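One line per chain: the protein sequences are A and U, in this order.
For the first sequence, the tail end lands on 1392 under this note's numbering, and the numbers increase by one without skipping.
For the second sequence, the tail end lands on 311 under this note's numbering, and the numbers increase by one without skipping.
Where a beta carbon is used, it is the ideal one built from N, C-alpha and C, also for glycine.
Predicted model, so just to flag it, every value in this text is computed and none were measured.
What follows is a single structure, written as structure tokens, with notes after it.
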Amino acid sequence: MAGETLLELKNLKTQFFTDDGVVRAVDGVSFEMKRGETLCVVGESGCGKSVTARSILQIVDYPGRVVEGQILFHRQRQEEGKSEVNEIIDLAALDPRSRAIRDVRGKDISMIFQEPMTSLSPIHTIGDQIIEAIRLHLPVSKEEAEARAVELLRRVGIPRPGDRLNAYTFQLSGGMRQRAMIAMSLSCNPSLLIADEPTTALDVTTQAQILDLMRELKDEFGMSIMLITHDLGVVAEMADDVVVMYLGTVAEKGDVDSIFHDPKHPYTQALLRSIPKLGLRAQGIRLDSIRGMVPDPYNRPGGCPYHTRCDDFMPGLCDKITPPPIEMGEERLVRCLLYGDQKAMADQTQQTVKVR
Amino acid sequence: MLQFILRRVFYMIPTLFVISLVSFAIIQLPPGDYLTSLVASMAATGETVDRAALAALEQRYGLGQPVYVQYWKWISGILLHGDFGQSFEWNQPVSTLLWGRLALTFMISLFTLFFTWIVAFPIGIFSAVRQYSWGDYVATIIGYVGLAIPNFLIALILMYVAFKFFNQSVGGLFSPEYQDAAWDWAKLWDLFKHLWIPVVIIGTAGTAGLIRIMRANLLDELHKPYVVTARAKGLSEERLLLKYPVRVALNPFVSTVGWTLPALVSGEAIVSIVLSLPTTGPLLLRALMSQDMYLAGSFIMLLSTLTVIGTLLSDVLLAWLDPRIRLTQ
């Protein structure tokens, strides 16, 4: 089971067509997820990590849409009375309103969001919303669905789950709401759970509990987790693999150990330097931050998108050439001109010049 | 929920008391009392004034006694006997004048309300979901036109159209031959044939306003995170639209529904006059102009009471619809 491919993103491009121009929120993202692993997608606000996640389920808000690339989902289903069905579906090719994609949403791939207060309907009970998710995808009676909802609420650690079925979101604490949200996402045994900053709105203690819960459930339900976050502490605790995103592109990816102990991309290095550490002040060291701001999305820098803020900026090279993905050992990849064959780069420059 | 309703009903009592005081004050406002104006009008028309009848009336309304005695006689008459006093212009009890017209007014109001909802809701939802589509623009234009044209003008145009092209008798709620006929199916059908004109006219402004409200409310809700959650669950667009954002968008609308009650009773005086409808609006106008104070005062009290009841109804409706109001207080 583990080690098999679950999801492949190939050159995914999602763009927002606004009156002021086209925002290339996701600009050629490729990565792969294995069955049973936890992948963390990290980056600053506006780097396209949430849009990448939403593109997978085709729930990008208007005026955004997936314009290019493939999202290959390896679906394994055990239908009742039938043998296991394996198939590969290109989610990017499906119509966002089609039955086919709706069948994947909430059943094979489910999603939880940042703000559990606003992400659940304020005027429906949590039981109503969970039972709805169950009955939408599974052929069960109302009573069976209710029993399953109670079971799920108990499993995510909500006390008196039978009573809480009739609770509204405003009657629950932030942590309890996120647990209810997780219970809902698990209702159809998904093979992939996408968690879009699930702990950002919670206090630190609750944060730790929710992360522990997710780790437990991952093993118990045999699912994979894609965790979108900007919190490197969360990454260190949860991730098997890490994808670092910058301005809609993958800057670097690799397993969690090599990302933390041997970061290659200057952006990753800068991110890691900006984590506060205890005792820095006593040593008289100021906390590093990445200089400058994320560039205006309507006015993306040419060449490497990070060159405007990079400490290792190479004039004439970084602002001209878009760095290609460079393999750095197994399952490790970096898009930076500091690495790889300089001559090949120069050739590419010539090619770009020729094309122009 | 029951406790909530009981508390709201309890709150109504002081409000209603103050309303009755104000209405009574209005009745007392014109110089002289009711009898003086009665005697004056009778003298003007050359009728002989019956001393005994005057004394009986003086006794009935407590005239010449302190104000609080007069108030008590007046309000106890209303509460205990349904006696609103005498309209001296019509020389009839106010209550007979009121009830006959109220029934028809309520019927027109109800039909108008349904008409407004049936037309406005689908259009409002469509306008929001397909924002800036040609359909939205058409609805918006119709909305503005409906809001901008005064109702009486639409009334005149529709009357002209109905008369000229459909050869229909216009004005009033019945054709002449049914005016005094007993109620039967033919008369009912005749009523419906006349009813659509006032319903459409009175409904246009309301419909236009409601379309705008629905559109604005729904646009606020459509991009809320809970809608994304519902979509990520795999719900179809239609189902999630009706179950989540439309449900939430109803709230501001429901909280104002109570105000339509008094507006429908009083607000359409001009249209009713143009269409010569036997409703309450023209009656109130005339009562005020001719200083028929028992009639006017009763009207004002009735309208205020309807406002209070309407507010209660929308509060209860809102509490029933929205658990955040029902459960957090």
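- request: With a cut-off of 8 Å on the beta carbons, I'd call A:LEU1043 and A:LEU1108 a contact; round off their distance for me.
  value: Here residue 1043 of chain A refers to the residue found at position 7 when the first sequence is read from its first residue. Here residue 1108 of chain A refers to the residue found at position 72 when the first sequence is read from its first residue. Confirmed, about 7 Å.
message: Would A:MET1400 and A:THR1074 qualify as a contact pair, given that the criterion is a beta-carbon distance under 8 Å?
response: Past the edges of chain A, shown from 1037 to 1392, lies residue 1400 of chain A, and the structure says nothing about it.
message: I need the straight-line Cα distance from A:CYS1340 to A:ASP1277, nearest angstrom please.
response: Walking along the first sequence from the start, residue 1340 of chain A turns up at place 304. Walking along the first sequence from the start, residue 1277 of chain A turns up at place 241. If I take the Cα positions, the gap works out to 23 Å.
message: Using only the alpha-carbon positions, how far apart do A:HIS1160 and A:GLN1214 sit?
response: For the purposes of this step, residue 1160 of chain A is taken as residue 124 along the first sequence, with counting starting at 1. For the purposes of this step, residue 1214 of chain A is taken as residue 178 along the first sequence, with counting starting at 1. Near 16 Å, if we compare the C-alpha coordinates of A:GLN1214 and A:HIS1160.
Cβ pair U:ALA110, U:LEU204 closer than 8 Å: Position 128 of the second sequence holds residue 110 of chain U. Position 222 of the second sequence holds residue 204 of chain U. In this structure, U:LEU204 lies closer than 8 Å to U:ALA110 by Cβ.
task: Could you tell me whether the segment 1226 to 1239 of chain A touches the segment 1191 to 1205 of chain A, using the rule of 3 or more Cβ pairs below 8 Å?
output: no
task: Report yes or no: is there a C-beta of chain U within less than 8 Å of the C-beta of A:GLN1319?
output: In the first sequence, residue 1319 of chain A corresponds to position 283, counting from 1. Cβ-Cβ to chain U under 8 Å: no for A:GLN1319.
- prompt: Bridge partners of A:ILE1121, per DSSP?
  reply: Here the question's residue 1121 of chain A lines up with position 85 in the first sequence. It should be pointed out that residue 1121 of chain A corresponds to Val in this sequence rather than to Ile. Its beta-bridge partners are A:ARG1113.
- request: Note down the Cα distance separating A:PRO1360 from A:PRO1152, rounded to an integer number of angstroms.
  value: Working through the first sequence from its first residue, we reach residue 1360 of chain A at position 324. Working through the first sequence from its first residue, we reach residue 1152 of chain A at position 116. C-alpha separation (whole angstroms): 39 Å.
message: Given this structure, state the Cα-to-Cα distance separating A:ILE1170 from A:ALA1181, to the nearest angstrom.
response: What you label residue 1170 of chain A is simply residue 134 of the first sequence in a count that begins at 1. What you label residue 1181 of chain A is simply residue 145 of the first sequence in a count that begins at 1. Answer to the nearest angstrom: the Cα atoms are 6 Å apart.
message: If distances are taken between C-alpha atoms only, which option among U:LEU295, U:PRO207, U:VAL256, U:ALA26 comes closest to U:GLY240?
response: In the second sequence, residue 240 of chain U corresponds to position 258, counting from 1. Per the Cα distances, U:LEU295.
message: Strictly under 8 Å for the Cβ-Cβ distance: is U:THR(-3) near chain A by that measure?
response: For the purposes of this step, residue -3 of chain U is identified with residue 15 of the second sequence, where counting begins at 1. Not one chain A Cβ lies under 8 Å of U:THR(-3).
task: Could you tell me whether the Cβ of U:ALA110 comes closer than 8 Å to any Cβ of chain A?
output: For this step, residue 110 of chain U is matched to residue 128 along the second sequence. Cβ-Cβ to chain A under 8 Å: no for U:ALA110.
- prompt: What number of angstroms, rounded off, separates the C-alpha of A:LEU1201 from the C-alpha of A:GLY1290?
  reply: Translated into positions along the first sequence, residue 1201 of chain A becomes position 165. Translated into positions along the first sequence, residue 1290 of chain A becomes position 254. Approximately 41 Å, taken between the alpha carbons.
message: My assumption, with CB atoms under 8 Å, is that A:PHE1149 sits in contact with U:PRO207. Please give the rounded CB distance.
response: The residue you call residue 1149 of chain A lines up with position 113 of the first sequence. The residue you call residue 207 of chain U lines up with position 225 of the second sequence. So it is a contact: roughly 6 Å between Cβ atoms.
- prompt: Which full runs of the alpha helix (DSSP H) of 4+ residues lie inside the segment 1066 to 1117 of chain A, going along the chain?
  reply: 1085 to 1093
- request: Give a yes or no on whether the C-beta atoms belonging to A:LEU1247 and A:VAL1279 are separated by under 8 Å.
  value: As a first step, residue 1247 of chain A must be located in the first sequence, where it is residue number 211. As a first step, residue 1279 of chain A must be located in the first sequence, where it is residue number 243. Not in contact: A:LEU1247 and A:VAL1279 (Cβ atoms no closer than 8 Å).
- prompt: Hey, U:PRO132 and U:ILE195: beta-carbon distance below 8 Å or not?
  reply: Within the second sequence, the letter at position 150 stands for residue 132 of chain U. Within the second sequence, the letter at position 213 stands for residue 195 of chain U. No; because the gap between Cβ atoms is not below 8 Å, this pair is not in contact.
query: At a cut of 8 Å, does the segment 1052 to 1071 of chain A reach the segment 1134 to 1149 of chain A through at least three beta carbon pairs?
result: no
query: Whole-angstrom Cβ separation of A:ASP1324 and A:ARG1309, contact assumed at under 8 Å?
result: On the first sequence, residue 1324 of chain A is found 288 positions in, with the first residue counted as 1. On the first sequence, residue 1309 of chain A is found 273 positions in, with the first residue counted as 1. Contact flag correct, Cβ pair sits at about 4 Å.
query: Expressed to the nearest angstrom, what Euclidean distance is found between the alpha-carbon atoms of A:SER1066 and A:GLU1363?
result: On the first sequence, position 30 is the one that residue 1066 of chain A refers to. On the first sequence, position 327 is the one that residue 1363 of chain A refers to. Those two C-alpha atoms are separated by around 13 Å.
field: Any chain U beta carbon closer than 8 Å to A:SER1157
entry: Taking the first residue of the first sequence as position 1, residue 1157 of chain A is located at position 121. Closer than 8 Å to some Cβ of chain U, the Cβ of A:SER1157 qualifies, so yes.
message: For a cutoff of 8 Å on Cβ pairs, would you count U:HIS63 as touching chain A?
response: Here the question's residue 63 of chain U lines up with position 81 in the second sequence. No, U:HIS63 does not count as interfacial toward chain A.
field: Validate contact between the segment 1086 to 1100 of chain A and the segment 1312 to 1319 of chain A using beta carbons, cut 8 Å, 3 pairs
entry: no
- prompt: For U:ASP304 and chain A, any beta-carbon pair shorter than 8 Å?
  reply: Here the question's residue 304 of chain U lines up with position 322 in the second sequence. By this cut-off, U:ASP304 is an interface position.
message: With a threshold of 8 Å between beta-carbons, can A:PHE1067 be considered close to chain U, or not?
response: Counting from one through the first sequence, the residue named residue 1067 of chain A turns up at place 31. Answer no: the Cβ-Cβ gap between A:PHE1067 and chain U never drops below 8 Å.
message: Rounded to whole angstroms, what is the Cα-Cα separation between A:GLU1250 and A:LEU1127?
response: Within the first sequence, residue 1250 of chain A is the residue found at index 214, counting from 1. Within the first sequence, residue 1127 of chain A is the residue found at index 91, counting from 1. In the sequence on display, residue 1250 of chain A carries Met and not Glu. Rounded to whole angstroms, A:MET1250 to A:LEU1127 spans 25 Å at the Cα level.
One or two residues paired with A:ASP1280 in a DSSP bridge: By one-based count along the first sequence, residue 1280 of chain A stands at place 244. One point to set straight first is that residue 1280 of chain A is Val, not Asp, in the sequence displayed. Partner(s): A:VAL1078, A:GLU1288.
CB contact below 8 Å: A:PHE1052 versus chain U: If you number the first sequence from 1, residue 1052 of chain A lands on position 16. For A:PHE1052, the answer is no, since every Cβ of chain U falls outside 8 Å of its Cβ.
query: Cα-Cα, which of U:LEU288, U:THR262, U:ILE282 is closest to U:PHE6?
result: Working through the second sequence from its first residue, we reach residue 6 of chain U at position 24. Answer by Cα proximity: U:ILE282.
message: Any beta carbon from chain A within less than 8 Å of U:SER312's own beta carbon?
response: Outside the shown range of chain U, which is -17 to 311, sits residue 312 of chain U, and nothing can be said about it.
- prompt: How about U:SER228 and U:ILE90: do their beta carbons lie closer than 8 Å?
  reply: Walking along the second sequence from the start, residue 228 of chain U turns up at place 246. Walking along the second sequence from the start, residue 90 of chain U turns up at place 108. Sequence inspection shows Val at residue 228 of chain U; the Ser mentioned does not correspond to that position. It is not a contact, given that the beta carbons lie outside the stated cut-off.
query: Got a sec: is the Cβ-Cβ distance from A:GLY1142 to anything in chain U below 8 Å?
result: The count along the first sequence starts at 1 and reaches residue 1142 of chain A at position 106. At least one chain U Cβ lies under 8 Å of A:GLY1142.
- request: Would you kindly check if the distance between the Cβ of U:THR261 and the Cβ of U:THR87 is under 8 Å?
  value: Numbered from 1 along the second sequence, position 105 holds the residue referred to as residue 87 of chain U. Numbered from 1 along the second sequence, position 279 holds the residue referred to as residue 261 of chain U. Yes, the pair counts as a contact, with Cβ atoms nearer than the cut-off.
- request: Hey, could you find the ends of the alpha helix (DSSP H) U:THR94 is sitting in?
  value: Against the second sequence, residue 94 of chain U aligns to sequence position 112. 76 to 111 is the span of the alpha helix (DSSP H), which, as asked, contains U:THR94.
- prompt: Taking the runs of the alpha helix (DSSP H) that are 4 residues or longer, which of them lie wholly in the segment 1183 to 1231 of chain A?
  reply: 1197 to 1200, 1210 to 1221
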